[in-house]
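Numbering (this note's numbering), first residue to last: 76 to 155. Heads up, the beta-carbon is just placed ideally off N, CA and C, and yes, glycines get one too.
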């Protein structure tokens, strides 16, 4: 589920994100197994401001299970 959400999260373009980074949100969802989960997405500068953007997604089964959640990330590259 985390990979699926990441594939959607990285469809945002660098040009659209550059004005709001750092930014993140969270929402509740239902996993493919039918369990209630929380999904967090964050967009932060990968190293220097104005460069590549690191997109991170975490899916977990509530606050007490945050550390055991699934985490994935990808880079949204700055235009050359």
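Closest Cα partner of residue i within the set the options
i: residue 138; options: 128, 155, 103, 147; result: 103
i: residue 81; options: 140, 117, 98; result: 117
i: residue 129; options: 146, 105, 141, 140; result: 146
i: residue 152; options: 120, 142, 131, 127; result: 127
Pairwise C-alpha distance: residue j and residue i
i: residue 101; j: residue 124; result: 23 Å
i: residue 93; j: residue 134; result: 24 Å
Boundaries of the beta strand (DSSP E) in which residue i is found, first to last residue
i: residue 123; result: From DSSP, residue 123 is part of no beta strand (DSSP E); its letter is neither H nor E.
i: residue 146; result: 145-151
i: residue 142; result: Where residue 142 is concerned, there is no enclosing beta strand (DSSP E), given that its DSSP letter is neither H nor E.
i: residue 81; result: Unbroken run through residue 81 is the alpha helix (DSSP H), 77-84; no beta strand (DSSP E).
Beta-carbon separation (whole angstroms), residue i vs residue j, contact threshold 8 Å
i: residue 111; j: residue 119; result: In fact, because the Cβ distance is near 27 Å, the residues do not count as touching under 8 Å.
First through last residue of the alpha helix (DSSP H) which encompasses residue i
i: residue 92; result: 89-92
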